[in-house]
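Under our numbering, the first residue of the sequence shown is numbered 133, with each subsequent residue one higher. In this text, a Cβ means the ideal position worked out from N, Cα and C, and glycines have one as well. Fair warning: this is a prediction, and the values are worked out from it, not measured in the lab. Step one of this worksheet: look at the structure below.
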Amino acid sequence: MGGVVEAITEPAVAWTGTITVLVLAFFALFFFWRSRRARIARDQVMARERKLQRQFEAVMSSTRDGILIVTQTDEIALLSDVAANVLSIDREEAVGKPLSRLGMRVVDDRMRPLLLREAFGIDSNDLTSRIIGVPGRRGADDIRWVQVRARVVEDGLDDGPVTIVTIMDTSGLREAAEAISRSDAQFRKAMENAPSGMALVDLEWRLMEVNRAFAEMMGSTVSALRSVPFSSLSHPQDLHAEQDQLERLYSGAQNRFNVEKRYVKADGNVVWAQLDVGLVRHAGGAPDHYVVQLRDSTDDRMHSEILAHRAMHDPLTGLANRTLMQEVLQELLDQPDPESRVGVLAIDLDGFKGLNDRFGHATGDNALVHVAGVLRAAAGGRGTVSRIGGDEFVIVVQDPDCSKALYDIAGAIHEGLRRPIQVKRHQVALHASVGIAMADGETVDGGAPALLSAADSAMYRAKSLGKSRTEVYEPSMRAASERHTGLAAELVDAIERGDLVLHYQPILELRTRTVVGYEALVRWQHPTRGLLLPASFLPLIDDRNLAVALGMSLVEQAASFLANGPSQTTWVSINVSADQLGDSEFADKVLSAIGRYHLSPQRLVVELTEASLVAPNTRIRHELTELRNAGVPILLDDFGTGVSPLSYLRDLPVSGVKLDMSFVAGIPEDPAGARVSRALGALARELGLATIAEGIENEDQAQFLADCGWRYGQGWLFGVAQPVGALRESTPEYTSSLIDPRPTEGESAQDAMRLNRD
Ligand code: C2E
Ligand code: CA
Ligand code: CA
Numbered sequence: 133m134g135g136v137v138e139a140i141t142e143p144a145v146a147w148t149g150t151i152t153v154l155v156l157a158f159f160a161l162f163f164f165w166r167s168r169r170a171r172i173a174r175d176q177v178m179a180r181e182r183k184l185q186r187q188f189e190a191v192m193s194s195t196r197d198g199i200l201i202v203t204q205t206d207e208i209a210l211l212s213d214v215a216a217n218v219l220s221i222d223r224e225e226a227v228g229k230p231l232s233r234l235g236m237r238v239v240d241d242r243m244r245p246l247l248l249r250e251a252f253g254i255d256s257n258d259l260t261s262r263i264i265g266v267p268g269r270r271g272a273d274d275i276r277w278v279q280v281r282a283r284v285v286e287d288g289l290d291d292g293p294v295t296i297v298t299i300m301d302t303s304g305l306r307e308a309a310e311a312i313s314r315s316d317a318q319f320r321k322a323m324e325n326a327p328s329g330m331a332l333v334d335l336e337w338r339l340m341e342v343n344r345a346f347a348e349m350m351g352s353t354v355s356a357l358r359s360v361p362f363s364s365l366s367h368p369q370d371l372h373a374e375q376d377q378l379e380r381l382y383s384g385a386q387n388r389f390n391v392e393k394r395y396v397k398a399d400g401n402v403v404w405a406q407l408d409v410g411l412v413r414h415a416g417g418a419p420d421h422y423v424v425q426l427r428d429s430t431d432d433r434m435h436s437e438i439l440a441h442r443a444m445h446d447p448l449t450g451l452a453n454r455t456l457m458q459e460v461l462q463e464l465l466d467q468p469d470p471e472s473r474v475g476v477l478a479i480d481l482d483g484f485k486g487l488n489d490r491f492g493h494a495t496g497d498n499a500l501v502h503v504a505g506v507l508r509a510a511a512g513g514r515g516t517v518s519r520i521g522g523d524e525f526v527i528v529v530q531d532p533d534c535s536k537a538l539y540d541i542a543g544a545i546h547e548g549l550r551r552p553i554q555v556k557r558h559q560v561a562l563h564a565s566v567g568i569a570m571a572d573g574e575t576v577d578g579g580a581p582a583l584l585s586a587a588d589s590a591m592y593r594a595k596s597l598g599k600s601r602t603e604v605y606e607p608s609m610r611a612a613s614e615r616h617t618g619l620a621a622e623l624v625d626a627i628e629r630g631d632l633v634l635h636y637q638p639i640l641e642l643r644t645r646t647v648v649g650y651e652a653l654v655r656w657q658h659p660t661r662g663l664l665l666p667a668s669f670l671p672l673i674d675d676r677n678l679a680v681a682l683g684m685s686l687v688e689q690a691a692s693f694l695a696n697g698p699s700q701t702t703w704v705s706i707n708v709s710a711d712q713l714g715d716s717e718f719a720d721k722v723l724s725a726i727g728r729y730h731l732s733p734q735r736l737v738v739e740l741t742e743a744s745l746v747a748p749n750t751r752i753r754h755e756l757t758e759l760r761n762a763g764v765p766i767l768l769d770d771f772g773t774g775v776s777p778l779s780y781l782r783d784l785p786v787s788g789v790k791l792d793m794s795f796v797a798g799i800p801e802d803p804a805g806a807r808v809s810r811a812l813g814a815l816a817r818e819l820g821l822a823t824i825a826e827g828i829e830n831e832d833q834a835q836f837l838a839d840c841g842w843r844y845g846q847g848w849l850f851g852v853a854q855p856v857g858a859l860r861e862s863t864p865e866y867t868s869s870l871i872d873p874r875p876t877e878g879e880s881a882q883d884a885m886r887l888n889r890d
């Protein structure tokens, strides 16, 4: 302060003082300005720093990852809220502390303890990344899995390089991963133990993974099937069965598909499988692999095939049934130019109806199976063999030389049936009538039914011409067969109306030429066609009920004839078919008629053709025994034509035999016929049977037969079969020579003809 005063008192000194003051003021101003500027700059920096800090914190709090910065000296320089939260530590407390003093324990992914420096990658120079487990606050099980990435940043803050650690809570991810691997394990377990086949198949359709059921289905093992192309297991014919659908699946056009196809097992057997295929895609949608489920559908298939087969086949013989045969035939006729390439054989067994009743149904079935075999062999793959009814068969033939094929087959059928079948103790020969029809303009237009009916007509012709033969269709046959069908339909009413009547042919004792009885022969007094003989209508009776009804009507007529006829001592023999005898009430009905008309049972005689000979223990045999026990005599018709062994003849309840007229016809010129007649007569007498010869047309025959020991005879020599009225109206002279007019007292029919052996 003194210096300033001196400067004022002394000019030089004062100038110098002024300058000094000015300099001082200048410096003062300068420093003031500078400090102000520095303050402003500092304020600005601080403001910017605060702004940056806010932004930094905003960034840190908004990232999913937490941030931890650790200095070279191990001090925690920075810890974001997120990081503090993930690590379950207090941020305020932690910042500025050395890492080692944090008091945190962490573990690696195998739960082994880790040093914090190691955990946070402090000592590594590169970018590191690891998963660590951080125990939470909720006990031992509460472990938070954290992904830690550490990077050492060289040009850090004042304290040298720092380690910047990003911390990410992966608990959720890990749980998800665990869940995935858990469900993966569960899936595998489920797959392994699934009862149905499962496979994971890659996009090249190669098996990646299969389960046991799958392997078993293919007859292989799980390990053997791994990496095997799925198609290599496929049945060659089904190789591409899934191809189109797989492509659609791949392209996204569909989600999954089902297909049924065949596979070939390791042992060569074929297995049917129902496939259910789905495509598994990546999250992005790209196809990854297929999941295939397989169900063994072999049984289902077989079952439905069996059902389908059953619907189209005859269960007894395995042949096609009518439905299938008609379908096949129609298909062939629908092809171009079926004429002369397509034909049909209609086959009907002769005399089969009785076989069932005579030998039982099991025998009948066996016979049909046998016939089916014969037909199959005869067709030899040239046609479809079918059974369309009881004993009716049809073979549909397609052959370039059809007419030759049809003839060949027909020939082979007759040839094949020639070998008799063994039925119990019998050799039974089967015969068939065969009708042939070829496709022609008419039948092609009319379709399968027209061709079948043509073959039927030919078959009927074969039957009417004597059976066991083949006839070829001609248009004229159609009318005949239509007549047949018409007649068959009329028969029912005719029986009811009583249009079927008995005519009686006398039977005489050859020595005395007295009438001892009559054979009752049926005739149809047809309203428009006149008198029809049995051959024209009896074969039409297919229905057993009809045969039984006819039999009953005739038994009634015969009984009435006996009661009211020309003689009270003569007997009447009625012809009875196996069909009629198969009716379990036949014997009852005959005996009831005998009772109602007060007849001696010996007067009503039953004639049974030798061909309908019956096995023991069948119903027919039972009926016969019942009749015989009641005193009704039983005659064996057409004796000599059958094939029964003698013992069998002896065992049957038979009272007499009727020599077949084929032997009589040759007498006496034909030495064979004569010899057989003599031998058969001797045999019958030896067996204690009454003997009646049929078909005697001349005196020589009558004489010869009488000489050979045939006691009784019938034939045109003595009289044709006549209606009741004609017998009564016959002239006395005529009747006196043929019919014994007066029954002698005490002479019974049995005395007149010793029909009963005992
Ligand atoms: P069958 O029992 O052998 O009858 C004898 C057949 O020979 C009869 O033919 C008869 O008219 C015929 N006949 C009689 N005498 C002579 C003769 O001197 N010479 C020739 N060539 N033939 C003679 P029909 O009446 O046409 O009967 C044929 C077959 O029809 C019978 O053969 C019999 O098997 C069956 N039949 C006839 N009536 C009945 C019946 O009421 N019921 C049953 N189930 N079948 C019957
Ligand atoms: Ca007869
Ligand atoms: Ca006869």
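Run through the DSSP bridge pairs and tell me what H126 is partnered with. Outside the modelled stretch of the chain, which goes from 133 to 890, sits residue 126, for which no answer is possible.
Pull up the distance between the alpha-carbon of M236 and that of V214, whole angstroms please. 16 Å
When the Cα atoms are used, what is the spatial distance from Q700 to L694? 7 Å
L887 classed as buried or exposed, judged by whether at least 16 other C-beta atoms fall within 10 angstroms: Summary for L887: the model assigns pLDDT 49, below 50, so the residue's position carries little reliability, and this model does not support an answer.
Examine ligand 3 and report whether any of its heavy atoms sits within less than 6 Å of the Cβ of E651. no
Any non-hydrogen atom of ligand 2 closer than 6 Å to D769 Cβ: yes
Through-space distance from A710 to F525, alpha-carbon basis: 22 Å
If you compare alpha carbons, which of E739, L549 and H754 is closest to L768? E739
Going by DSSP, what residues sit across from Y422 in a beta bridge? V333 and L411
Would you mind reading off the limits of the beta strand (DSSP E) that contains E392? R388 to V396
Measuring only the C-alpha atoms, how far is D588 from A478? 6 Å
Under 7 Å between the Cβ atoms of T567 and E603? For the record, residue 567 in the displayed sequence is Gly; it is not Thr. It is a contact, given that the beta carbons lie within the stated cut-off.
Does the Cβ-Cβ distance between I706 and A762 come in under 7 Å? no
Taking 6 Å as the cut-off, does the CB of A853 come closer than this to any heavy atom belonging to ligand 1? yes
Runs of 4 residues minimum, wholly inside the segment 236-282: which ones carry the alpha helix (DSSP H) assignment? 248-251
Limits of the beta strand (DSSP E) - the one that V707 falls within: Here residue 707 is Asn; the residue named in the question, Val, does not match the sequence. Unbroken beta strand (DSSP E) run through N707: W703 to V708.
CA nearest to the CA of E341, picked from A418, P327, S256 and V360: V360
Using three-state DSSP, classify I172 as helix, strand or coil. helix
Looking only at C-alpha atoms, which of P803, T203, D533 and I172 sits nearest to P293? T203
Starting from Q462 and walking both ways along the alpha helix (DSSP H), at which residues does that stretch end? R454 to D466
Pairwise C-alpha distance: F319 and A216: 39 Å
Residues near K721 by beta carbon distance below 7 Å, same chain, minus five either side: M684 and V687
Any non-hydrogen atom of ligand 3 within 6 Å of E547 CB: no
Compute every distance between the C-beta of E829 and the non-hydrogen atoms of ligand 3, then say whether any falls below 6 Å. no
Identify the continuous beta strand (DSSP E) that holds T823 and give its terminal residues. A822 to A825
From this set, Q833, S352, M349 and R358, which residue's C-alpha is nearest R338's C-alpha? R358
Could you check whether the segment 543-553 touches the segment 514-521, counting it as contact only if at least three pairs of C-beta atoms, one from each stretch, sit closer than 8 Å? no
Across which residues does DSSP place R519 in a beta bridge pair? F525
To the nearest angstrom, how far is the alpha carbon of L584 from that of S565? 15 Å
Under 8 Å, with one C-beta from each stretch per pair, do the segment 164-172 and the segment 233-251 reach the 3-pair mark? no
Which stretch, first to last residue, makes up the beta strand (DSSP E) that contains Q700? Segment: none, Q700 is in no beta strand (DSSP E) and carries neither H nor E.
Per the contact definition of three or more C-beta pairs closer than 8 Å, is the segment 789-800 in contact with the segment 824-832? yes
Hey, out of P765, D675 and V796, whose CA is closest to G521's CA? D675
Give me, in chain order, the residues of the same chain whose beta-carbon lies closer than 7 Å to that of L619; leave out the 5 immediate sequence neighbours on both sides. F669 and L672
Return yes when at least one heavy atom of ligand 1 lies under 6 Å from the C-beta of S709, else no. yes
Taking C-alpha atoms, which residue in L487, N343, D497 and G475 lies nearest to V423? N343
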